[in-house]
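The sequence shown begins at 1 in the UniProt record's numbering and counts up by one.
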Amino acid sequence: RKMEKEQYRSVIRFLFLEGKSRSEIKERLDAVYGDSSPSMATVKNWFNEFQRGRTSVFDEPRPGAPKTATAEDNMTKI
C-alpha cells in the first residue's frame, strides 16, 4: 500500500488532530502500511510542523530551478 507523501502527511495530521502522540501515530502507520510507512523521523518532523500551526501537507516552493534535467539531457546539449 504505497501512497504519495502528501497522503501520509494527511494521515499524520488527522491523527495529530485526534490527539495521538508521535509514537501512536507511527504505530498506526506501521500497522496499516507496513514497510512502506514513513520513518519515525518523518512522523516527528511533520508532527512538530503541525504543532507549530502548519496546516498544509504540501511542500513549500523552493527557490531555484526545478530538478527536471538529467545527466543525459545535459550531455546531449554539449
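Note that CB positions come from ideal geometry on N, CA and C, so glycine has one too.
Distance between beta carbons of residue j and residue i, contact taken as under 8 Å
i: R9; j: K44; result: No, R9 and K44 are not in contact; Cβ-Cβ is about 13 Å, not under 8 Å.
i: F58; j: F16; result: Wrong, their Cβ atoms sit about 16 Å apart, outside the cutoff.
Sub-9 Å separation of residue i and residue j beta-carbons
i: M40; j: K26; result: yes
Helix, strand or coil at residue i [DSSP, three-state]
i: S21; result: coil
i: F58; result: coil
i: S36; result: helix
i: E4; result: coil
i: R13; result: helix
i: R28; result: helix
Burial state of residue i, where buried means 16 or more other Cβ atoms lie within 10 Å
i: R13; result: buried
i: S37; result: buried
i: V32; result: exposed
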